[in-house]
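All remarks here apply to the structure that follows.
Residue numbers (the working numbering), protein chains in the order written: chain A, 1 to 171; chain B, 1001 to 1171.
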């Protein structure tokens, strides 16, 4: 089927890019399909691709307790779940793998049947190296998204240490 | 004085840039001097510049307890201190201000007399918009640095929630 640029235009990752630049991205997208309740990536594994959600809903799962002290690793109470679907502003996940050699920071599982675009790191870097304006604009968006997530993580840390300090004072 | 490119070449932010590109950055650097024990930026204030440490040592100070419940705000026990100096690999701070409209995520205070380069966001963006290859390469470095910090923040969150869960189990 002919690929449609509209799911990419809707995301924060592609804002400010021209339709021509978005079409170039489409050329390196692989369409992948997953049934419901399937793991797409596992936290801690090396990753080399990012995904754009075209259809369906996925769940991003982050471990909150270190494996070494988690006495019931399969329990859901020690994890945080965030849902992403094609209607969201960030229907993109795994993008940090394109920015550095790194392990996946969360697991992702399908909730419904899903259709995704997969973009491989090597294809992405070939494209950015062949069109620096495209590379600059998309990296500006990526850096903004990661900065926003960093601020959120910093806020979470302050909330957690605040709770911890209150508990320690009471005990 | 003639500006020297070597302090910029040594940083992760400028790796992969040509001497010509680094010289362009020098043209937008303002040399600023601070005596010892002076606040350069305050956590929570809006920022529009980043700094490169040429000489001296600074202390990055992050609040760990929310102000609303911190019964002794001036106390150092509820803060984390990290020292940066010109010999480090990241003698750069405040770079997130160049990537998005945002408040400073930490305070920075001089420990010794310091000489810094200050780069204003508007000068930085004029330069990246006029040279996309430069913009692409420096943003690739910035995105990598912020991704690395995000991973570190995620690890800190897991450690904190682990401690919190252990305390809650005991009580």
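A virtual CB, placed ideally from N, CA and C, is assigned to each residue, including glycine.
Quick caveat, the model's predicted, so the values are computed rather than measured.
Residues near residue i in its chain [Cβ-Cβ closer than 6 angstroms; skip 5 each side]
| i | result |
| --- | --- |
| residue 16/A | 137 |
| residue 82/A | 60 |
| residue 35/A | 113 |
| residue 123/A | 28 |
| residue 139/A | none |
| residue 1003/B | 1026 |
9 angstroms Cβ cut-off: residues of chain A touching residue i
| i | result |
| --- | --- |
| residue 1128/B | 136 and 140 |
| residue 1026/B | Near residue 1026/B there are no residues of chain A at all, since even the closest Cβ is about 20 angstroms away, more than 9 angstroms. |
| residue 1049/B | Per Cβ cutoff of 9 angstroms: no residues; residue 1049/B is ~15 angstroms from chain A at best. |
| residue 1167/B | 164, 167, 168 and 171 |
Contacting residues, own chain, Cβ-Cβ under 8 angstroms from residue i (five flanking each side not counted)
| i | result |
| --- | --- |
| residue 94/A | 41, 47, 49, 50, 51, 104 and 108 |
| residue 1080/B | 1061, 1062 and 1064 |
| residue 127/A | 24, 25, 28, 134 and 135 |
| residue 1157/B | none |
| residue 1125/B | 1098 |
CA nearest to the CA of residue i, picked from the options
| i | options | result |
| --- | --- | --- |
| residue 12/A | 87/A, 30/A and 4/A | 87/A |
| residue 116/A | 29/A, 14/A, 124/A and 139/A | 29/A |
| residue 147/A | 130/A, 132/A, 162/A and 96/A | 96/A |
| residue 1131/B | 1162/B, 1153/B, 1022/B and 1101/B | 1022/B |
| residue 1111/B | 1149/B, 1139/B, 1033/B and 1145/B | 1033/B |
| residue 1106/B | 168/A, 154/A and 3/A | 154/A |
| residue 100/A | 1159/B, 1120/B, 1149/B and 1099/B | 1149/B |
| residue 91/A | 120/A, 58/A and 37/A | 58/A |
| residue 37/A | 19/A, 56/A, 168/A and 20/A | 56/A |
| residue 1142/B | 1014/B, 1005/B and 1004/B | 1014/B |
| residue 1120/B | 1020/B, 1170/B and 1031/B | 1031/B |
Neighbour list for residue i in chain B, Cβ cutoff strictly below 8 angstroms
| i | result |
| --- | --- |
| residue 66/A | 1158, 1159 and 1162 |
| residue 146/A | 1143, 1146, 1147 and 1150 |
| residue 105/A | 1150, 1151 and 1154 |
| residue 22/A | None at all; the shortest Cβ gap to chain B is about 17 angstroms. |
7 angstroms Cβ shell around residue i - same chain, five flanking residues per side excluded
| i | result |
| --- | --- |
| residue 44/A | 103 and 104 |
| residue 1054/B | 1007, 1086, 1115, 1116 and 1117 |
Where residue i meets chain A, residues with beta-carbon distance less than 8 angstroms
| i | result |
| --- | --- |
| residue 1132/B | 132, 133, 135 and 136 |
| residue 1063/B | 158 |
| residue 1102/B | 147 and 151 |
For residue i, the residue or residues it bridges with in DSSP
| i | result |
| --- | --- |
| residue 1059/B | 1083/B and 1109/B |
Per-residue contacts from residue i into chain A (C-beta, under 7 angstroms)
| i | result |
| --- | --- |
| residue 1099/B | 143, 144 and 147 |
| residue 1006/B | Residues of chain A passing the Cβ test: none, with the nearest at roughly 25 angstroms. |
| residue 1040/B | Those within 7 angstroms of residue 1040/B in chain A number zero; the least Cβ separation is about 19 angstroms. |
| residue 1115/B | Going along chain A, no residue has its Cβ under 7 angstroms from residue 1115/B, so there is no contact; the nearest lies around 27 angstroms. |
7 angstroms Cβ cut-off: residues of chain B touching residue i
| i | result |
| --- | --- |
| residue 179/A | For chain A, the structure presents residues 1 to 171; residue 179/A sits outside this window and is missing. |
Near the ligand NAP: residue i beta-carbon under 7 angstroms from a heavy atom
| i | result |
| --- | --- |
| residue 1047/B | Annotation note on the ligand NAP: not contained in the displayed structure, which lists no ligands. |
>> List, from N- to C-terminal side, the alpha helix (DSSP H) runs of 4 residues or more that fit wholly inside the region 64-145 of chain A.
In response: 121-130
> Enumerated in chain order, which unbroken segments of the alpha helix (DSSP H) with a length of 4 residues or greater are wholly contained in the region 8-63 of chain A?
Replying inline: 19-27
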